[in-house]
Every structure is written in structure tokens, then in C-alpha cells.
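Okay, so the sequence shown: first residue is 2 according to my numbering, each after it adds one.
Remarks on the structure that follows.
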Amino acid sequence: MTVAEYYEILGLVSGSSVDDIKKAYRKKARAYHPDLNHSPEAKDLFIKATEAYEFLITYHQKLSSDEEEFHRVMEEWRKYRRARSQERAQSYAGSPYVKFKKTSLYKSTKRFDGPSIIANFILSILVFSYTIFGFFYRLKHPYEKNEKPPVFSFILLLTLSIILFTVSFMYLKAYLDTTRKNRKKM
């Protein structure tokens with residue numbers, strides 16, 4: 002197969018980004034997995050989509066380099082990886098879709114990792130709370146009678162905790178939106 006055919010299998014144009022490749026593969030894997038699609042050609046389509054995904058992800062950086070490197074990459078793929086990719090895709094096609102979703106190949110296409118996003122959000126709340134609580138605690142209980150807690154440190158930590166909170170909130174919101182969209186599709 003050619004690179005253009007691999008892109009075509011995933012429904013993409015040549016030169017698509019890694020995120021586009023991952024997103025397209027997730028759609029095709031769900032559409033063609035034999036556990037969900039009972040048509041006779043579903044297994045072959047699933048295998049082709051998996052092969053295309055593995056090739057495009059593995060060689061994405063090298064595909065944009067010079068012509069000689071491109072031909073060398075294609076030859077290497079044909080010799081060593083294509084058969085392995087097809088074997089792996091056949092085993093995925095034979096397993097239930099729920100089990101396939103737990104494989105490292107499928108997980109590599111995820112854009113958001115729920116537990117880590119939630120943990121980062123909780124961590125940002127803890128840092129924010131600790132910064133404020135710590136500053137006011139130091140005001141009431143200084144180490145020495147005349148010592149005041151450094152305001153600059155408080156402002157710096159408060160700013161950093163607000164930035165962390167904002168970023169983690171944005172990721173959490175995007176994750177929840179993505180999860181809702183996926184549930185509506187089912």
C-alpha cells in the first residue's frame with residue numbers, strides 16, 4: 002500500500018496531523034470492529050484501518066522528509082512491520098470491542114486521560130487552599146513576634162495556583178464535554 006492509500010483508509014488527506022490520525026482511527030475502529038459491525042467485510046476493514054494507523058503514527062515524522070528517506074521507510078515497513086501489524090489487528094478483530102478498548106493501541110489514541118485530569122484538578126484546589134490557609138496561618142502565628150510572612154511569596158504562589166487551577170479546569174471541562182459527546186453517540 003502507499004501512504005496515500007493509508008490516509009484514504011482513515012478518511013484523511015495526506016499530511017494530516019497526529020491528532021487527526023488518532024481521531025480518525027478511533028472512529029474507524031469503532032465503526033469496523035467485528036464485535037460491533039457484523040458485516041462480512043468489517044474484519045478486513047478493521048485490519049486495514051489498524052495497519053494504516055500503525056504505519057502513519059510510526060512514520061509520521063519521516064514521511065515529510067526527503068524522497069530517499071521516504072522510500073527507505075516504505076521498504077522497511079513492507080518487510081518487517083506490515084505482517085506484524087496485520088497479525089495484531091486480526092487478534093484485536095477477534096476480541097470483544099470492550100476488551101479492544103483496553104489495549105495499549107486503542108488507549109494511544111485518547112486525547113484526555115480522565116483520572117489524571119481529575120487528579121490535577123484536585124491538586125490545583127489543594128495548592129490554592131494551602132497557599133491561602135498557609136499565609137493567613139502565618140499572619141496569626143508568626144515564628145517570631147515581629148516576623149511577617151513574605152507577601153511576595155504569597156502573591157507568587159497564589160498566581161501559580163490560580164494558573165494551575167485555570168488550566169486544570171479547562172482540561173476537566175474538555176474531558177467532560179468529550180465524555181458527554183461519546184455517551185450521546187452510543
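C-beta atoms are modelled at their ideal positions from N, C-alpha and C, and glycine is treated no differently.
In this structure, does DSSP put residue i in helix, strand or coil?
{"i": "Met2", "result": "coil"}
{"i": "Pro97", "result": "coil"}
{"i": "Glu148", "result": "coil"}
{"i": "Pro143", "result": "coil"}
{"i": "His72", "result": "helix"}
{"i": "Leu13", "result": "coil"}
{"i": "Lys185", "result": "helix"}
{"i": "Lys23", "result": "helix"}
{"i": "Thr110", "result": "coil"}
{"i": "Pro116", "result": "helix"}
{"i": "Asp178", "result": "helix"}
{"i": "Thr104", "result": "coil"}
{"i": "Asp36", "result": "coil"}
Short of 7 Å in beta carbon distance, which residues of its chain neighbour residue i, apart from the five on each side in sequence? Order them along the chain.
{"i": "Leu13", "result": "Asp21, Ile22, Ala25"}
{"i": "Gly115", "result": "Tyr176"}
{"i": "Tyr107", "result": "Ala30, Phe101"}
{"i": "Ala43", "result": "Tyr33, Pro35"}
{"i": "Asn38", "result": "Ala32"}
Output needed for residue i: all residues of its chain with C-beta closer than 6 Å, excluding positions within five of it in sequence on either side, in chain order.
{"i": "Ser169", "result": "Asn121, Phe122, Ser125"}
{"i": "Val19", "result": "His61"}
{"i": "Leu159", "result": "Thr132"}
{"i": "Phe129", "result": "Ser162, Phe166"}
{"i": "Ser86", "result": "Glu52, Glu55"}
Determine the contact status of residue i and residue j, defining contact as a CB-CB distance below 8 Å.
{"i": "Ala94", "j": "Phe47", "result": "yes"}
{"i": "Ser162", "j": "Thr132", "result": "yes"}
{"i": "Ile119", "j": "Leu165", "result": "no"}
{"i": "Ala5", "j": "Thr51", "result": "no"}
When we look at the beta-carbon of residue i and count the other beta-carbons within 10 Å, is it buried (16 or more) or exposed?
{"i": "Lys80", "result": "exposed"}
{"i": "Lys141", "result": "exposed"}
{"i": "Ser109", "result": "exposed"}
{"i": "Ile156", "result": "exposed"}
{"i": "Lys182", "result": "exposed"}
{"i": "Lys49", "result": "buried"}
{"i": "Leu127", "result": "exposed"}
Rank the options by C-alpha distance to the C-alpha of residue i and give the top, closest one.
{"i": "Thr3", "options": "Ser17, Thr59, His72, Asp36", "result": "His72"}
{"i": "Tyr98", "options": "Arg27, Phe155, Ser15", "result": "Arg27"}
{"i": "Arg83", "options": "Arg181, Thr104, Tyr7", "result": "Tyr7"}
{"i": "Phe56", "options": "Thr104, Asp45, Ser40, Glu77", "result": "Glu77"}
{"i": "Thr59", "options": "Val74, Asp45, Glu70", "result": "Val74"}
Quick one: does the C-beta of residue i sit closer than 7 Å to a heavy atom of the ligand ATP?
{"i": "Leu13", "result": "The model depicted lacks the ligand ATP and carries no ligand whatsoever."}
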